[in-house]
Each structure stands twice: as C-alpha cells, then as structure tokens.
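Protein chains in written order, with the working numbering: chain A, 26 to 157; chain B, 26 to 157; chain C, 26 to 157.
Even for Gly, the Cβ is constructed at its ideal location relative to N, Cα and C.
Notes follow once the structure below has been shown.
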Amino acid sequence: MSSKKIILNSNRHFEIIDITSMINQEIDIDSGIVNVFSRHSTSAIVVNENEKGLLADFELMLNDLISDRHSWQHDCIDNNAKSHLESFLLSSSETLPISDGKLDLGTWQSVFFVELDGPRNNRTVNLKFISD
Amino acid sequence: MSSKKIILNSNRHFEIIDITSMINQEIDIDSGIVNVFSRHSTSAIVVNENEKGLLADFELMLNDLISDRHSWQHDCIDNNAKSHLESFLLSSSETLPISDGKLDLGTWQSVFFVELDGPRNNRTVNLKFISD
Amino acid sequence: MSSKKIILNSNRHFEIIDITSMINQEIDIDSGIVNVFSRHSTSAIVVNENEKGLLADFELMLNDLISDRHSWQHDCIDNNAKSHLESFLLSSSETLPISDGKLDLGTWQSVFFVELDGPRNNRTVNLKFISD
Chain A
26 MSSKKIILNS NRHFEIIDIT SMINQEIDID SGIVNVFSRH STSAIVVNEN EKGLLADFEL
86 MLNDLISDRH SWQHDCIDNN AKSHLESFLL SSSETLPISD GKLDLGTWQS VFFVELDGPR
146 NNRTVNLKFI SD
Chain B
26 MSSKKIILNS NRHFEIIDIT SMINQEIDID SGIVNVFSRH STSAIVVNEN EKGLLADFEL
86 MLNDLISDRH SWQHDCIDNN AKSHLESFLL SSSETLPISD GKLDLGTWQS VFFVELDGPR
146 NNRTVNLKFI SD
Chain C
26 MSSKKIILNS NRHFEIIDIT SMINQEIDID SGIVNVFSRH STSAIVVNEN EKGLLADFEL
86 MLNDLISDRH SWQHDCIDNN AKSHLESFLL SSSETLPISD GKLDLGTWQS VFFVELDGPR
146 NNRTVNLKFI SD
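So, in structure tokens, the structure goes:
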C-alpha cells in the first residue's frame with residue numbers, strides 16, 4: 026500500500042535522471058518521509074540542483090576521484106569496478122521529508138537517479154512512504 | 026506536529042555548525058527516528074566527532090578532493106560549483122535513531138550542518154520525527 | 026520492541042563485515058524501513074556487492090582519496106584522523122526498505138559495516154524498525 030516502484034531505462038554509460046516528479050506522483054501520505062532506494066550497486070540516489078552545467082561538472086568530478094592508476098580486481102570479474110566504487114562514495118539511497126502531500130525540498134533541489142553503468146533497462150527504485 | 030525546522034545563519038564561506046542539542050530540544054517522541062534534511066544544495070548534514078582539529082582536517086580534505094584543474098561549467102551560472110560538488114559527495118540528509126526521548130548517538134558523535142557556500146542567512150534544516 | 030543492536034568485533038585496521046543476514050534475523054515487521062546506524066565516528070555503513078576483489082578495490086580507493094600530504098591536526102589528539110575522514114565521506118548510516126519481512130535489496134546488494142580504525146571490540150550498530 027505504501028510501497029511503490031519506479032522503473033527506469035538509461036541510455037548512456039553515465040546518466041543523471043531527475044526523478045522528483047515521478048516520486049511526487051506516487052505520494053499517498055500528507056506528512057512524513059519517503060525512503061528512495063536504488064536496487065543496484067552501480068547506481069546512486071542524490072539530491073542537488075538540476076542545472077545542466079553542474080551535472081556535467083558532477084560527472085567530471087567522479088572521473089577525477091576514481092583513479093585510473095590501479096588495475097581494479099573487480100574488473101577481472103565484471104569489468105565495472107569504477108561504477109561500483111562511485112556508488113560506494115555516493116550511496117544507494119536518500120530519505121526525504123514529505124509535507125502537504127509532496128516532497129518538502131528547497132527551491133533549488135531535485136532528486137536524481139544516477140546511472141553509473143548504463144545503458145540498462147529496468148533499473149528499479151523502491152519507494153517506501155512512512156506517515157508521521 | 027512531528028515536523029520542526031531549525032534556522033541557521035552562517036558567518037564564513039565554509040563553516041561546521043554542531044546542531045545536536047538543537048535537534049534534541051525539538052524531539053517530541055520517545056523512540057523512533059528523525060530525518061534531518063538540509064533544504065540547500067550547497068550544504069550538507071554529517072555525523073562525526075566534534076574535535077576542533079578534526080573539523081579543520083575535514084575542510085582541508087574537501088579542498089583536496091575537488092580539483093582546481095577544471096573550469097567548472099556551473100561557475101558560469103552561479104560561481105559556486107565547488108560548493109555543489111562537495112554537497113554531492115556528502116549528502117543533504119541523515120536519518121538518525123531516537124531512544125529515551127533523545128538522539129541515540131555514540132559517545133563521540135555529533136550531528137553537524139556543513140555550510141559550503143556562506144555566509145548565508147536563514148539556512149533551513151527540516152526535522153521529521155517518526156515514532157516506532 | 027522495534028529497536029535492536031548488533032555487536033561486532035573487528036580483527037584488522039580496515040575490515041568490511043557483511044551484516045545483511047544479521048539485520049534480517051532481527052526484523053519483526055512485515056513492511057517498512059530499517060535505519061542502520063553505527064555508533065562510531067571511525068566506521069561506516071554502506072550497501073554494495075559482496076565480491077572479494079571489489080572490497081579490496083574499495084580499500085585501495087579510500088587510501089587514494091585521503092591524501093598523505095597533510096599533517097592532520099586530529100592526529101595530535103588521537104592519531105586516527107584518516108579513519109574519521111573516511112567516515113565523513115561514507116556516512117554512518119543507511120535507511121533501507123523492508124518487504125515481506127526481510128530487507129528488500131537487489132540481487133547483488135549487501136549491507137556492510139566498515140571498520141576504519143580496528144581492531145576493536147563491541148562496535149555497536151543500532152537498528153530501528155519502522156512499519157509503514
């Protein structure tokens with residue numbers, strides 16, 4: 026009843042998808058919280074400003090942070106170590122406030138699903154709504 | 026009823042404000058959780074030890090992590106790309122346990138609001154209390 | 026009633042302990058969320074894939090991120106600044122969905138306690154279960 030899912034398809038290796046309005050459409054409580062959880066360990070949920078230049082900067086920053094100087098061991102298994110390591114840094118979930126039946130965010134905030142190992146079909150985000 | 030706000034003014038560009046006692050003052054449940062959410066995408070909520078030297082180290086680490094070697098695109102819009110990128114890394118919220126009517130933290134833990142683009146007035150932190 | 030604790034002992038300075046099954050054993054609700062919170066500011070809670078090579082890569086990445094070029098001020102107090110700084114980046118908690126009486130994770134996801142300053146006895150993780 027208070028559990029919903031958002032299903033996403035990504036089109037690029039790295040892609041940032043604004044899911045704010047998708048979450049708002051699913052809200053069925055007046056006041057409380059929503060736990061937004063990505064079921065994939067090569068993705069992340071983040072909150073920030075939806076400005077095109079900033080989202081490009083974000084991708085550049087992640088590329089800087091994960092060094093290319095190692096032969097990552099996980100690349101022998103599945104060749105996507107960097108995607109997992111970015112996910113470690115960013116976290117797979119955010120828990121967010123709901124007031125007056127919608128996300129209670131600041132003016133410049135959006136909620137994003139971050140694809141770190143696309144393109145992929147059927148990326149699933151769990152939503153759990155808890156009334157206060 | 027179970028929603029509260031903390032309003033903060035910051036005095037420096039980078040500033041770490043301990044909000045543990047402010048949260049404790051607002052708690053109106055005996056056992057459950059509190060979602061602590063900053064309504065700004067150039068700030069963060071973190072949990073760690075309130076030791077002066079460590080908080081200075083934390084600022085130094087963030088300066089190391091966000092490289093100066095790029096011309097960030099968002100700087101053409103609003104000249105605070107670095108502040109947003111630090112916020113991406115740190116997260117805008119923490120959800121924390123409450124027991125016996127107060128935050129159930131470890132001995133060496135405090136909750137901090139991190140100002141990444143101050144000084145600013147009326148920084149707002151949403152608190153949502155959920156009883157278990 | 027809906028609060029539990031997991032007590033852990035670590036054996037190495039850096040150690041990643043899979044606590045997924047420990048959490049599942051404590052769940053006493055059918056649907057909702059669990060807040061998993063480490064009471065220590067030299068540790069972290071993360072969600073990712075339990076693959077041995079990847080977990081070794083994760084340790085290597087953290088060593089890259091925290092520079093050795095500074096004399097950290099906190100090392101004069103307690104000689105574990107790096108452990109605290111890693112904890113700042115990773116976060117001390119995760120809030121996760123529960124469905125059908127167990128953690129509702131993806132196929133390749135586990136929940137980990139990350140020891141950043143071991144070996145230590147009696148590391149404590151608070152669990153708060155909230156029904157939806």
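Name the DSSP bridge partner or partners of B:R148?
Reading the second sequence from its first residue, position 123 is the one you call residue 148 of chain B. Partner(s): B:L33.
Using only CA atoms, which one of C:V72, C:S66 and C:D55 lies nearest to B:V72?
As a first step, residue 72 of chain B is located in the second sequence; it is residue number 47 there, counting from the start. Residue C:S66 is the option with its Cα nearest to B:V72.
Specify, as a first and last residue, the run of the beta strand (DSSP E) that A:S63 falls within.
One-based indexing of the first sequence puts residue 63 of chain A at position 38. First-last of the beta strand (DSSP E) with A:S63: G57 to S63.
Buried or exposed for B:P144, going by 16 or more other Cβ atoms inside 10 Å?
Here residue 144 of chain B refers to the residue found at position 119 of the second sequence. It is exposed - the Cβ of B:P144 has fewer than 16 other Cβ atoms within 10 Å.
Could you pull the start and end residues of the alpha helix (DSSP H) that A:T45 belongs to?
Counting from 1 along the first sequence, the entry for residue 45 of chain A is found at position 20. First-last of the alpha helix (DSSP H) with A:T45: T45 to E51.
Chain B within 8 Å of A:V136, Cβ atoms only
Position 111 of the first sequence, counted from the start, is the residue given in the question as residue 136 of chain A. It does not; no Cβ of chain B falls within 8 Å.
Could you please give me the residues that DSSP links to B:I112 through a beta bridge?
Locating residue 112 of chain B in the second sequence gives position 87, counting from the first residue. Before going further, note that residue 112 of chain B is Ser rather than Ile in the sequence given. For B:S112, which the question treats as bridged, DSSP gives no partner whatsoever.
Run through DSSP, which three-state label would B:L85 get?
Numbered from 1 along the second sequence, position 60 holds the residue referred to as residue 85 of chain B. If DSSP states are grouped into helix, strand and coil, B:L85 belongs with the helices.
Counting only beta-carbon separations shorter than 8 Å, does B:I8 have a partner in chain A?
Here chain B covers residues 26 to 157 and nothing more, so residue 8 of chain B does not appear.
Does any residue of chain A bring its CB to less than 8 Å from the CB of C:V150?
Within the third sequence, the letter at position 125 stands for residue 150 of chain C. For C:V150, the answer is no, since every Cβ of chain A falls outside 8 Å of its Cβ.
Taking the Cβ atom as the reference point for each residue, do C:T45 and C:V136 lie within a distance shorter than 8 Å?
Residue mapping note: residue 45 of chain C aligns to position 20 of the third sequence, counting from 1. Residue mapping note: residue 136 of chain C aligns to position 111 of the third sequence, counting from 1. Going by C-beta atoms, C:T45 is nearer than 8 Å to C:V136.
Bridge-paired residues (DSSP) for A:I102
Residue 102 of chain A sits at position 77 when you count from the first residue of the first sequence. Bridge partners of A:I102: none, in fact.
Taking the straight line between their C-alpha atoms, what separation do you get for C:D53 and C:G126?
What you label residue 53 of chain C is simply residue 28 of the third sequence in a count that begins at 1. What you label residue 126 of chain C is simply residue 101 of the third sequence in a count that begins at 1. Rounded to the nearest whole angstrom, the CA to CA distance from C:D53 to C:G126 is 7 Å.
Run the CB neighbour count on A:D157, radius 10 Å, all protein chains shown included, and call it buried at 16 or more, exposed below.
Residue 157 of chain A sits at position 132 when you count from the first residue of the first sequence. So A:D157 ends up on the buried side.
CA-to-CA distance, C:S116 to A:T120, given in whole angstroms:
Numbered from 1 along the first sequence, position 95 holds the residue referred to as residue 120 of chain A. Numbered from 1 along the third sequence, position 91 holds the residue referred to as residue 116 of chain C. So the two alpha carbons sit approximately 13 Å from each other.
Beta-carbon proximity check, C:R64 vs B:G57, cutoff 8 Å
On the third sequence, residue 64 of chain C is found 39 positions in, with the first residue counted as 1. On the second sequence, residue 57 of chain B is found 32 positions in, with the first residue counted as 1. Taking 8 Å as the Cβ cut-off, C:R64 and B:G57 do not qualify as a contacting pair.
Can you tell me which of C:F62, C:N105 and C:E74 puts its alpha carbon nearest to the alpha carbon of B:F83?
As a working mapping, residue 83 of chain B is identified with position 58 in the second sequence. Residue C:N105 is the option with its Cα nearest to B:F83.
Measuring straight from C-alpha to C-alpha, what distance separates C:C101 and A:C101?
Sequence index remark: in the third sequence, residue 101 of chain C carries index 76 (1-based). Sequence index remark: in the first sequence, residue 101 of chain A carries index 76 (1-based). Each residue's alpha carbon lies about 41 Å from the other.
For chain B, check one thing: does any of its Cβ atoms lie closer than 8 Å to the Cβ of C:R145?
Translated into positions along the third sequence, residue 145 of chain C becomes position 120. Not an interface residue.
Quick one: which chain A residues come within Cβ less than 7 Å of C:I102?
Within the third sequence, residue 102 of chain C is the residue found at index 77, counting from 1. Per Cβ cutoff of 7 Å: no residues; C:I102 is ~27 Å from chain A at best.
At a CB-CB cut-off below 7 Å, which residues of chain A make contact with B:I91?
Taking the second sequence and counting its residues from 1, the one referred to as residue 91 of chain B is at position 66. Here the neighbours are M86.
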